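The next block holds one structure in the form of structure tokens; read it before the comments.
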Amino acid sequence: MTELSSLENEILAAIAAAGDEAALEAVRVAALGKKGSVSERMKSLGAMSAEERKVWGPALNGLKDKIGTAIAERRTVLKEASLDARLAEERVDVTLPVRPGPADRGRIHPISQVMDEIAEIFADMGFRIAEGPDVETDYYNFTALNFPVGHPAREMHDTFFFHPDEAGERKLLRTHTSPVQIHTMEAEKPPIRVVIPGRTYRCDSDQTHTPMFHQLEGLVIDEQSHIGHMKWVLMEFCRAFFEVDHVEMRFRPSFFPFTEPSLEVDIRCDRRGNEIRFGEGDDWLEILGCGMVHPNVLRNCGLDPDRYQGYAWGMGIDRIAMLKYGMPDLRAFFDADVRWINHYGFRPLDLPTLAGGLSG
Ligand code: DAH
């Protein structure tokens, strides 16, 4: 019997010392588990005489109950303590200043912002967005656009060519978004009214050129669109994009194989001082090329030039982004410098809308 009371003291002491629920469970298993110290003793009751059993039976059962109660009590205490600890640890000090969430910290790259602004302006004029592949064939990038074989204009594009494939065909990285004009005209019948934003590539790099850059192409094909419509669309675009009431534009004769006539467009600006101002001053800045789609291009897409006509334009997005937001070096666009993006980037929830203001 004294042996039983020292076992009891031992187990009760272990229960009291259990620091958490896992330790308590270990004590329970050691005492009351299948091979626990109390359980083993219960098993020995069978081998005892009736007299012995009368004494030992109630003693062991009493011990079992005592241990069960002590464990349950200790478990309640431990549960409460662990809840208190969690509450203390996860406590929120509501008097602290609010920390900015991820949406407030991240910034939208100016190119993405400018693309959204442009899409918003042209969508408002009834244009749809079209896209095409970055890797092109010579046919779509040049031939279908009326670049004659061997014509110097092909060289002027500083094209990145891939190695020829098994069929001997040399794919290339598109040098402009104009090939998407061809894909669009092949895929759908006029009336067509699309703008085509995308990446373009030329082997060139300095302060205002990067090997990868962005263009926006426009294409309108129907039975009566003429150069007057084109001028209006481009002027409205510039007014909306540069967020000024008046932009003075100059249309100069130029040459592109895929348009006839071809024009280049400059806007009047003032470049004295640190920033560029539009609509005033004595400088002219070239922003895009445009023209009436060449009959050969229409023919290459299976459209009858005696029935259909239209206009197209192409402009450098990076360039007009630099102009609008006063960013001096194009190469910084692609440096992934977090200080630059924090300075020049846009807040993600300030989506450009014509009604709410394009640039927030
Ligand atoms: N694709 C020309 C370039 O990258 C830009 C261009 C000029 C596009 C005139 C046009 C256009 O659609 O009509 O230099």
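In my numbering, the protein residues as written are 48 to 407. Every residue, glycine too, gets a C-beta built ideally from N, C-alpha and C. It should be emphasised that the depicted structure is a prediction, and the values quoted were computed from it without experimental measurement.
ARG378: not part of any beta strand (DSSP E); DSSP gives it neither H nor E.
Taking every protein chain shown into account, the CB of MET95 has fewer than 16 other CB atoms within 10 angstroms, so this residue is exposed. In this structure, HIS223 has its CB closer than 7 Å to one or more heavy atoms of the ligand DAH.
Looking at the DSSP output, GLU127 sits in no beta bridge, so it has no partner there.
By the Cβ criterion, the region 350 to 368 is in contact with the region 276 to 296, since at least three pairs of Cβ atoms, one from each stretch, lie closer than 8 Å.
For GLU264, the Cβ falls inside the 7 Å cut-off from some heavy atom of the ligand DAH.
Going by beta carbons, GLY338 and THR306 fall inside the 8 Å limit.
Here the alpha carbon of ILE165 sits roughly 11 Å from the alpha carbon of ILE367. Contact between the region 245 to 258 and the region 178 to 195 is present: 3 or more CB-CB pairs across the two stretches fall below 8 Å. Runs of the alpha helix (DSSP H) lying entirely within the region 244 to 292, each at least 4 residues long, are 274 to 288 in chain order.
TYR186: member of the alpha helix (DSSP H) spanning 185 to 188, first to last residue.
Ranked by how close their Cα comes to the Cα of ILE155, the residues ALA402, TYR355, LEU398 have LEU398 in first place. Beyond the five residues adjoining it in sequence on each side, ALA287 comes within less than 6 Å, by CB distance, of ILE168 in the same chain, given in chain order.
Annotation for VAL340: no alpha helix (DSSP H) segment contains it, though the beta strand (DSSP E) segment containing it runs 330 to 340. Short note on GLY361: C-beta closer than 7 Å to some heavy atom of the ligand DAH. Annotated three-state conformation of VAL241 is strand, per DSSP.
Per DSSP, reduced to three states, the secondary structure at GLU307 is strand. Set against 7 Å, the gap from the CB of CYS250 to the closest heavy atom of the ligand DAH is not smaller.
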